[in-house]
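Right, one structure below, let's go through it.
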Amino acid sequence: MIQSHPDMKKTVFLLLALLALVSSAFSRTIKILQFNIWQEGTMVPGGFQAIADEIAALQPDFVTFSEVRNYKNTRFCDRIVAALAQKGKKYYSFFSDDSGLLSAFPIKDSTKVFDTKGTIYRLTATIDNKEVAVYTAHLDYENYAVYLPRGYDGNTWKKMPKPVTSVDSILSMNKASLRDEAIAAFIRSAKEDIRNGRLVFLGGDFNEDSHLDWTDATKNMFDHNGVVIPWHCSTMLYNAGFKDSYREKYPDPVTQPGFTFPADNTSVEVKKLAWAPDADERDRIDFIYYYPDKRIRIENAAVVGPVGSILRNKRVEEKTKDVFIKPQGIWPTDHKAVLTTFILK
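Position 68 (the sequence shown) corresponds to 134 in the working numbering; numbering is contiguous.
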């Protein structure tokens, strides 16, 4: 048996430490924040400033906004860029409506990808000589089929005589939305980015849950009423090769459901937060997707916002294993945000 010399062990240790140092020197993080801002923060006193405070504290590289309204031609993205500049944070943006984008890097170009009951916008930027394409989506809110198994109509939001548990009926209503058309448009555009060697990310409020959440393991939880549903948008994205960053980091929807709606916003009456007051309407409808690439990997993912949710018209604190980043102060929205940190090699 050959025994290693102490000096050899020391040399190996030093080499490994040097390799780790070199590896870290040639990598950096990309932080992406999906943030539904509930009518630009206007539904909560001090909401706009709270949006700026959260972004300044989290320092994401990209922000994908939902519910940009540009009230009275005020150009929300311009205003939030200015508010962040006052805090010493430099961001770039462009005019958009319904959904929006912020970038900590100069924007090379921007385009509108979809604009028919819901929107998708895209920007490209360069990070360490690598091109990235970041998309933001706010999808059709009508035909909100996740409510059918909970006993509520997905268009009128009124309580029905009984829950709908036919998967075909649920998916039929879901298909009547334009969410799948929007995702199809994204996939077509993203394929071109992938062919051109860009890293591709998509953040958004989908107004639709994921097939990774409505599983056999959760069919008797959260008022799913026994149904397992292959929701269209997430299924389309996975079939196209995209990955849900939160579920890649936390694959168990039982222990880490990652609910993003409805958030318990203590500045707002419960009745303004709940749409299905007699049901457990908690869902994960805000996402950050990415296209797998050897140049990136997920480091962390977290829910940003209050730990509490609204359950059957009451404020409850989640007891899950989800990782939460609590608000700086006032929370500006009825959603929780999602933050994913990627390592860029």
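Even glycine gets a Cβ: it sits at the ideal position worked out from N, Cα and C. Computed from a prediction, not measured in an experiment: that's the story for all the values here.
Using beta-carbon positions only, say whether residue i and residue j come within less than 8 Å of one another.
i: Ala211; j: Gly270; result: no
i: Tyr355; j: Leu268; result: yes
i: Phe353; j: Asp318; result: no
i: Val110; j: Ile362; result: no
i: Leu168; j: Phe114; result: no
i: Val294; j: Asp275; result: no
i: Ser93; j: Ile364; result: no
i: Tyr207; j: Asn136; result: no
i: Asn331; j: Thr386; result: no
i: Asp218; j: Lys225; result: The identity of residue 218 in the sequence shown is Tyr, whereas the question assumes Asp. Yes, the pair counts as a contact, with Cβ atoms nearer than the cut-off.
i: Asp279; j: Arg350; result: yes
i: Leu150; j: Ile193; result: no
i: Ala340; j: Ile391; result: no
i: Thr101; j: Ala403; result: Per the sequence shown, residue 101 should be read as Phe rather than Thr. Contact: yes.
i: Ser165; j: Asn209; result: no
i: Lys257; j: His298; result: no
i: Pro358; j: Gly292; result: no
i: Thr407; j: Thr95; result: yes
Specify, as a first and last residue, the run of the alpha helix (DSSP H) that residue i falls within.
i: Glu208; result: Glu208 -> no alpha helix (DSSP H), and no H or E assigned at all.
i: Arg145; result: Phe142 to Gln152
i: Asp234; result: Val233 to Ala242
i: Asp312; result: For the sequence presented, residue 312 should be read as Tyr rather than Asp. Looking at the DSSP string, the run of the alpha helix (DSSP H) that includes Tyr312 is Ser311 to Lys315.
i: Asn305; result: His298 to Asn305
i: Ile351; result: It is not in any alpha helix (DSSP H) - Ile351 carries neither H nor E in the DSSP assignment.
i: Val113; result: In the sequence as displayed, the identity of residue 113 is Gly instead of Val. Counting along the chain, the alpha helix (DSSP H) containing Gly113 begins and ends at Gly113 to Leu124.
With a cut-off of 8 Å on the beta carbons, I'd call residue i and residue j a contact; round off their distance for me.
i: Leu405; j: Leu99; result: 5 Å
i: Asp289; j: Ala329; result: Not a contact, Cβ separation roughly 18 Å.
i: Asp388; j: Val370; result: Rounded, the Cβ-Cβ distance is 11 Å, inconsistent with contact.
i: Arg245; j: Leu303; result: Actually they are not in contact, since the Cβ atoms of Arg245 and Leu303 sit about 11 Å apart, beyond 8 Å.
i: Ser255; j: Val179; result: 5 Å
i: Asn379; j: Val320; result: At roughly 24 Å, the Cβ-Cβ gap does not stay under 8 Å, so Asn379 and Val320 are not in contact.
i: Gln125; j: Lys97; result: 7 Å
i: Ala342; j: Arg216; result: 5 Å
i: Val334; j: Arg264; result: About 39 Å; that fails the 8 Å criterion.
i: Phe252; j: Tyr201; result: 6 Å
i: Gln394; j: Asp175; result: Contact doesn't hold; Cβ gap of about 33 Å is too wide.
Would DSSP call residue i helix, strand or coil?
i: Arg264; result: coil
i: Tyr157; result: coil
i: Ala342; result: coil
i: Gly220; result: coil
i: Glu258; result: helix
i: Asp400; result: coil
i: Phe252; result: helix
i: Asn412; result: No answer is possible for residue 412: it lies beyond the span of the chain, which begins at 67 and ends at 411.
i: Asn9; result: Past the edges of the chain, shown from 67 to 411, lies residue 9, and the structure says nothing about it.
i: Lys392; result: coil
i: Ile409; result: strand
i: Glu106; result: helix
i: Glu452; result: Nothing can be reported for residue 452: it is not among the residues displayed for the chain, which extend from 67 to 411.
i: Ser90; result: Because Ser90 sits at a pLDDT of 47, beneath the cut-off of 50, its placement in the model cannot be relied upon, and the following sentence gives the value as read from the coordinates. The answer is helix: DSSP assigns Ser90 an H, G or I state.
i: Ile68; result: Below a pLDDT of 50, predicted positions are generally treated as unreliable, and Ile68, at 46, falls in that range; the measurement from the model is reported next regardless. Coil, per DSSP.
For the beta strand (DSSP E) holding residue i, just list the boundary residues, first then last.
i: Glu383; result: Lys380 to Glu383
i: Ala283; result: It is not in any beta strand (DSSP E) - Ala283 carries neither H nor E in the DSSP assignment.
i: Lys337; result: From DSSP, Lys337 is part of no beta strand (DSSP E); its letter is neither H nor E.
i: Lys174; result: Unbroken run through Lys174: none, as it is neither H nor E.
i: Ser375; result: Gly374 to Leu377
i: Glu133; result: Phe128 to Val134
i: Ile362; result: Ile362 to Val370
*Segment contact, 8 Å Cβ cut-off, at least three pairs: the stretch 182-189 with the stretch 320-334*: Judged by Cβ distances under 8 Å, the stretch 182-189 makes no contact with the stretch 320-334, as fewer than three pairs qualify.
*Taking three-plus beta-carbon pairs below 8 Å as touching, is the stretch 222-239 in contact with the stretch 140-148?*
no
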